[in-house]
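Numbering (UniProt numbering), first residue to last: 1 to 239.
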């Protein structure tokens, strides 16, 4: 049961898009045990574990190539009589203004401060993910920031719930028998293991490009230019 993100062998495949996220700060590689457990577990016969160094929390989904284009992308496609490229990122100009505004909004709201994970719970469906609860004050800050992002990119991303993804489904799960019992047992153990996410911090808040679920590249805001940034910020504030 291959998907846009992972093939039937459990290998992550090219999948392009744009997102805003915060990376898990794990300088001692403490979360490597989560990846290793999933990789060695019977769970890996059905879910493809992500490398622990990719663990992150999405702040806002901008645009992925399996979704309908957001307004700015759609306008470019129509104006240039283009179709969405299959294996290439969009020309920089398409989202340059929006990405510049989003970068400034992040700096204004979060700066170099970290977000702190206060509580977690395990959620298993088409993905294995850790649902995240932030400090209440930070939760309000991020909610306000997401409202800015929604205005900037002209779409609400309303269904997002804060989480850290650990693995994606690539094979049909057994519904009964010994194999099913083994999966349930390992997931119960994982439920205990993810408690270590509590009090971990999230940093490196930025706009990112991704070409698969295992490779995220931060936008270099310095390339946007000071004059350009001031110009688009003034336009945004006046609107």
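Cβ atoms here follow ideal geometry from the backbone N, Cα and C, with glycine treated the same way. None of the values given here were measured: they were computed from a predicted structure.
- Task: Determine the direct distance from the alpha carbon of residue 160 to that of residue 145, and round the result to whole angstroms.
- Result: Residue mapping note: residue 145 aligns to position 145 of the chain shown, counting from 1. Residue mapping note: residue 160 aligns to position 160 of the chain shown, counting from 1. In a straight line, the C-alpha of residue 145 is about 14 angstroms away from that of residue 160.
- First and last residue of the alpha helix (DSSP H) that includes residue 180? The residue given as residue 180 occupies position 180 in the chain shown. Per DSSP, residue 180 belongs to the alpha helix (DSSP H) from 177-193.
- Message: Let me check understanding here. Comparing Cα to Cα, which of 8, 56, 55 lies closest to residue 47?
- Response: Working through the chain shown from its first residue, we reach residue 47 at position 47. Here the closest residue by C-alpha is 8.
- Message: With a threshold of 7 angstroms on Cβ separation, who are the neighbours of residue 41 within its own chain once the five nearest residues in sequence on each side are excluded?
- Response: Counted from its first residue, the chain shown places residue 41 at position 41. Once the five neighbours on either side are set aside, the close Cβ partners of residue 41 are 186.
- Contact between the region 65-74 and the region 107-127 (3+ Cβ pairs under 8 angstroms): Judged by Cβ distances under 8 angstroms, the region 65-74 makes no contact with the region 107-127, as fewer than three pairs qualify.
- Message: With H, G and I counted as helix, E and B as strand and the rest as coil, what does DSSP make of residue 113?
- Response: For the purposes of this step, residue 113 is taken as residue 113 along the chain shown, with counting starting at 1. Of the three classes helix, strand and coil, the one that applies to residue 113 here is coil, per DSSP.
- Query: From what residue to what residue does the beta strand (DSSP E) around residue 207 run?
  - Reply: The count along the chain shown starts at 1 and reaches residue 207 at position 207. Per DSSP, the unbroken beta strand (DSSP E) holding residue 207 starts and ends at 201-212.
- Could you please give the first and the last residue of the uninterrupted alpha helix (DSSP H) stretch that includes residue 37? Indexing the chain shown from 1 puts residue 37 at position 37. Per DSSP, the unbroken alpha helix (DSSP H) holding residue 37 starts and ends at 32-40.
- Query: Under a Cβ-count criterion, where at least 16 other Cβ atoms within 10 Å of its own Cβ denotes burial, should residue 92 be classed as buried or exposed?
  - Reply: Numbered from 1 along the chain shown, position 92 holds the residue referred to as residue 92. It counts as exposed.
- Message: Given this structure, state the Cα-to-Cα distance separating residue 210 from residue 174, to the nearest angstrom.
- Response: Sequence index remark: in the chain shown, residue 210 carries index 210 (1-based). Sequence index remark: in the chain shown, residue 174 carries index 174 (1-based). Rounded to whole angstroms, residue 210 to residue 174 spans 32 angstroms at the Cα level.
- Query: Can we say the region 87-104 touches the region 115-123, given the rule of at least three CB pairs closer than 8 angstroms?
  - Reply: Because the criterion of three Cβ pairs below 8 angstroms is not met, the region 87-104 and the region 115-123 do not touch.
- Within the same chain, show all residues whose beta-carbon is closer than 8 angstroms to that of residue 156, passing over the 5 residues directly before and after it, in chain order. Within the chain shown, numbered from 1, the residue matching residue 156 stands at position 156. So the list reads 150, once near-sequence residues are dropped.
- Under 9 angstroms between the Cβ atoms of residue 167 and residue 49? Working through the chain shown from its first residue, we reach residue 167 at position 167. Working through the chain shown from its first residue, we reach residue 49 at position 49. Yes, these two residues count as a Cβ contact at 9 angstroms.
- Message: Considering only their Cβ atoms, is the gap separating residue 53 from residue 164 smaller than 9 angstroms?
- Response: Your numbering for residue 164 matches position 164 in the chain shown. Your numbering for residue 53 matches position 53 in the chain shown. Annotated as distal: residue 164 and residue 53, with beta-carbon spacing of 9 angstroms or more.
- Query: What is the DSSP secondary structure of residue 77, counted as helix, strand or coil?
  - Reply: Counting from 1 along the chain shown, the entry for residue 77 is found at position 77. Residue 77: helix per DSSP, three-state reduction.
- Rounded to whole angstroms, what's the CA-CA distance from residue 202 to residue 13? Just pull it up for me. Indexing the chain shown from 1 puts residue 202 at position 202. Indexing the chain shown from 1 puts residue 13 at position 13. Between residue 202 and residue 13, the C-alpha separation is close to 26 angstroms.
- Message: Counting C-beta neighbours from all protein chains within 10 Å, is the total for residue 205 16 or more, i.e. buried, or is it exposed?
- Response: Residue mapping note: residue 205 aligns to position 205 of the chain shown, counting from 1. Buried, because 16 or more other Cβ atoms sit within 10 Å of the Cβ of residue 205.
- Does the Cβ of residue 5 have 16 or more other Cβ atoms within 10 Å, making it buried, or fewer, making it exposed? For the purposes of this step, residue 5 is taken as residue 5 along the chain shown, with counting starting at 1. Answer is buried; the Cβ neighbour count reaches 16.
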